[in-house]
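Numbering-wise, the first sequence is residues 0 to 579 according to numbering that gives the first Met the number 0.
Every residue gets a Cβ at the ideal spot worked out from N, C-alpha and C, and that includes glycine.
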Amino acid sequence: MSYIKLIEEDIKDKIRELGYAVEKIDMTVSNRPDLGDFQINDAMKLAKQYGENPRDIAMKIKEVLERDDRFKNINVAGPGFINISLSDRALIEFLNTLNLDVYNNIDKRDAKRIFMDYGGANIAKTLHVGHLRSANLGEALKRLARVLGNEVIADVHFGDIGRQSGMVISEIKRMHPDWKYFDESYDGDYDDDFTITSEDLGEIYPRANLASKEDEERMEEVRQITADLENGHRGYCALWEKIKAVSIAEIKNIYLKLNTNFDLWEGEMDCYPYIPEVIKKLKDCHLLRESEGALVIDVAEEEDNSPMPPLVVIKSNGATLYATRELATLYSRMKRFNPDEIWYLTDMRQGLYFEQVFRASKKANLVNSDTLLYYFGFGTMNGPDGKPFKTRDGDVMDLKTLISMVEEETTKRLNPNITDPRERKEIAEKIAIAALKYADFLPFRTTDYVFEPSKFADLEGKTGPYLLYSTIRMNSLLKKADTQIFASHKISDDSDRDIIINLLNLPNVINNAYEMKSLNEIAEYLYKLTSSYNKFYAEHRILTEEDEEVKSSWLTLTKVVKSTNEMLLDILGIEVPEKM
RNA sequence: GUCCCAUUAGCUCAGUUGGAUAGAGCAACGCCCUUCUAAGGCGUGUGUCGGGGGUUCGAAUCUCUCAUGGGACACCA
Numbered sequence: 000m001s002y003i004k005l006i007e008e009d010i011k012d013k014i015r016e017l018g019y020a021v022e023k024i025d026m027t028v029s030n031r032p033d034l035g036d037f038q039i040n041d042a043m044k045l046a047k048q049y050g051e052n053p054r055d056i057a058m059k060i061k062e063v064l065e066r067d068d069r070f071k072n073i074n075v076a077g078p079g080f081i082n083i084s085l086s087d088r089a090l091i092e093f094l095n096t097l098n099l100d101v102y103n104n105i106d107k108r109d110a111k112r113i114f115m116d117y118g119g120a121n122i123a124k125t126l127h128v129g130h131l132r133s134a135n136l137g138e139a140l141k142r143l144a145r146v147l148g149n150e151v152i153a154d155v156h157f158g159d160i161g162r163q164s165g166m167v168i169s170e171i172k173r174m175h176p177d178w179k180y181f182d183e184s185y186d187g188d189y190d191d192d193f194t195i196t197s198e199d200l201g202e203i204y205p206r207a208n209l210a211s212k213e214d215e216e217r218m219e220e221v222r223q224i225t226a227d228l229e230n231g232h233r234g235y236c237a238l239w240e241k242i243k244a245v246s247i248a249e250i251k252n253i254y255l256k257l258n259t260n261f262d263l264w265e266g267e268m269d270c271y272p273y274i275p276e277v278i279k280k281l282k283d284c285h286l287l288r289e290s291e292g293a294l295v296i297d298v299a300e301e302e303d304n305s306p307m308p309p310l311v312v313i314k315s316n317g318a319t320l321y322a323t324r325e326l327a328t329l330y331s332r333m334k335r336f337n338p339d340e341i342w343y344l345t346d347m348r349q350g351l352y353f354e355q356v357f358r359a360s361k362k363a364n365l366v367n368s369d370t371l372l373y374y375f376g377f378g379t380m381n382g383p384d385g386k387p388f389k390t391r392d393g394d395v396m397d398l399k400t401l402i403s404m405v406e407e408e409t410t411k412r413l414n415p416n417i418t419d420p421r422e423r424k425e426i427a428e429k430i431a432i433a434a435l436k437y438a439d440f441l442p443f444r445t446t447d448y449v450f451e452p453s454k455f456a457d458l459e460g461k462t463g464p465y466l467l468y469s470t471i472r473m474n475s476l477l478k479k480a481d482t483q484i485f486a487s488h489k490i491s492d493d494s495d496r497d498i499i500i501n502l503l504n505l506p507n508v509i510n511n512a513y514e515m516k517s518l519n520e521i522a523e524y525l526y527k528l529t530s531s532y533n534k535f536y537a538e539h540r541i542l543t544e545e546d547e548e549v550k551s552s553w554l555t556l557t558k559v560v561k562s563t564n565e566m567l568l569d570i571l572g573i574e575v576p577e578k579m
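1. List the residues that DSSP assigns as beta-bridge partners of I113.
2. Are the stretch 367 to 375 and the stretch 90 to 110 touching by the rule of at least three beta carbon pairs closer than 8 Å?
3. What number of angstroms, rounded off, separates the C-alpha of K11 from the C-alpha of L5?
4. Looking at the structure shown, is G460 part of a helix, part of a strand, or coil, going by DSSP?
5. Are the CB atoms of F377 and R444 within a distance shorter than 8 Å?
6. Do three or more CB pairs link the stretch 31 to 41 to the stretch 76 to 89 at distances below 8 Å?
7. Measuring alpha carbon to alpha carbon, tell me which of E577, I498, A480, S530 ends up nearest E545.
8. Under the rule that 16 or more other beta-carbon atoms within 10 Å means buried, what is E428, buried or exposed?
9. Below 8 Å on the Cβ atoms is my contact criterion, and I expect T563 with L476 to pass it. Report the Cβ-Cβ distance as a whole number of Å.
10. List in chain order: all unbroken alpha helix (DSSP H) runs of 4+ residues lying wholly within the stretch 179 to 228.
11. With a threshold of 8 Å, are at least 3 pairs of Cβ atoms found where one atom belongs to the stretch 463 to 475 and the other to the stretch 495 to 513?
12. Quick one: which unbroken alpha helix (DSSP H) runs of 4-plus residues sit fully inside the stretch 344 to 399? Chain order, please.
13. Could you tell me the distance, in whole angstroms, from the CA atom of Y19 to the CA atom of E8?
14. Closer than 6 Å by C-beta to S197: which residues in its own chain qualify, once you throw out the five before and the five after it? Chain order, please.
15. I'd like to know if the stretch 481 to 499 and the stretch 402 to 414 are in contact, where contact means that at least 3 CB-CB pairs between them fall below 8 Å.
16. Answer yes or no: do A431 and I573 have a C-beta to C-beta separation smaller than 8 Å?
17. For N416, name the three-state secondary structure that DSSP assigns.
18. Apply the 10 Å Cβ neighbour rule to E138 and answer buried if 16 or more other Cβ atoms are within range, or exposed otherwise.
19. Grab the span of the alpha helix (DSSP H) containing I521 for me, first residue to last.
20. From K256 to H232, what does the alpha carbon distance come to, in whole angstroms?
21. Give the DSSP-derived three-state secondary structure of L571 in the structure shown.
22. Using 8 Å as the threshold, is the C-beta distance between E207 and S169 below it?
23. Ordered along the chain, which non-local residues of its own chain (more than five positions away) have a Cβ less than 6 Å from that of G158?
24. Within its chain, find whatever has a CB closer than 7 Å to the CB of L365; leave out the 5 residues flanking it on each side and keep chain order.
25. Out of D439, K47, T446, which has the shortest C-alpha to C-alpha gap to K454?
26. Measure the alpha-carbon distance for E265 versus E538 and round it to whole angstroms.
27. Let me check understanding here. Comparing Cα to Cα, which of R88, L64, R496 lies closest to F535?
28. DSSP state of V21, grouped into three classes?
29. With distances taken from CA atoms, which of K13, P420, G317 is nearest N230?
30. Given a threshold of 16 other Cβ atoms within 10 Å of its Cβ, counted over all protein chains shown, does Q355 qualify as buried or as exposed?
31. So what does DSSP say about H127, is it helix, strand or coil?
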């Protein structure tokens, strides 16, 4: 258990002994540092609950806490705020437990098996800046959930079938009508005919999309090809497999740059074997109803305060659609992995849709009744007009371009002592990714934000590069110190004290981040911890300090902050290079 | 039209279980490198928390209402 949690539990016990039934108490970093390190506001809550005077309760609590020598300067202020500071001995003891392992500062949770669906990459479509959030957020939440003791299975869930497949095939058909994939009488192998690159694909889709929008006949052709592909048309399937291979290689490459990894690289097509079973289950439960030629499930409930449209499961032409495959995928995941929780991360526009899917799957018993289905929507990345990028528009900046743009900036500032061109490239890329990810994590999960390339190219102040730079500097200091023995003996002044107070607070931050499924608090915390260290660093000459006990204490602090930074950056999916 | 979500400093955003004096970064100006990586540190200031009502010891936070912007609303994904 973390040190702060331990203290909170002790305080809780003592308050209970006073006769108040508290469930938990919160000790938070004081917003009045002049009055104490931490504050406890629970006296006022208890006063309401028990109809007593809040100041009296606070005074009683103060009296009990004063018997604990970990605390000092306990005082009651205002309507009943309890301010409390920690003794140097307690801070030193705490720091030494972190010196053993910074993971001692993380409180594990009840282990769950969690299935996560994020990424949102579509085959044959370029990964653009709109895909950044899903990848970053999903990856970080996965890592956070694991650090907290959960087992997590992550699936990229490629969009590998659907209208875009028909569009791309129809376009290639126009480009290369002579290819064997389109020869209905051909029954040999399709070994030769394929020269399309990922760059080509980046142009093919937008072109096809535009053409189909303008021409209803073309759109009908696209629908037909999509249906044929789904029904196993030999040539289309062979062609689509080749397109997929090219596209997946490219997508994996970019996810790799972003430190985004999946346990499963499955796609919508992988659920096809389960579709008949799911349809049968829906029929058995008498959930399917015919409407305007399509088969739908009613998911409205009486307590709904707004219209809840039925979910279309089979199109009037007999083909499946997104929802069908979603249900089958859900069923397959349940059957194969039996998770306690399933998390979906997409932008918030899909909220209603997932509500429909969740309701339908519960109604049809596609998932266990005790399996929790969660939809964690995130804010959209908007264009300069304040409106979300349209995924289908070709004019959105692609992710690769964004990364190389930021990389160009980070390269300029690289230490000239790093001469090996390969190393320079590698480091510049890591810093660029850090800049991108960190900027993406700063707003709260559900906040929409305006995409401005300049925001990501910012390399000073509250940014990823600042955190890397500072952590690398700590590392470099520790290397120069050249010692294996670390122990804290004393607190010197407010600046090292402040760092330790921040370290104490980490479990609260982690806990909130997990509860809210947002990384912004961790991002803010990293900046706060790091800047408190940098202040200390500027004020003290560590390596030349003559008092050995002081020097050792300072080095220990440096080591703990460095390790904490590395731990948190790793949760965010940000790598720390050796130098920069 | 119905239902969601936003509106906080010049800009971008924190502040989401109601708490003390609403905070950061950027931008602007000044200072600090013979000394552990200056992508650093220190200092200087700005708010009708979109408007108006309500709830209470206490509201940026809860509630009602209005305004503005955005989103969703069955055979796209």
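Based on what the coordinates show:
1. V151, E340
2. no
3. 10 Å
4. coil
5. yes
6. yes
7. A480
8. buried
9. T563 to L476, Cβ: 15 Å. No contact.
10. 197 to 213
11. no
12. 350 to 362
13. 14 Å
14. V245, E249
15. no
16. no
17. coil
18. buried
19. 519 to 538
20. 36 Å
21. coil
22. According to the sequence provided, residue 207 is Ala. The question's Glu does not apply to it. Yes, Cβ-Cβ distance for A207 and S169 is below 8 Å.
23. N121
24. V277, K280, L326, L329, Y330, M333
25. D439
26. 53 Å
27. R496
28. coil
29. G317
30. buried
31. strand
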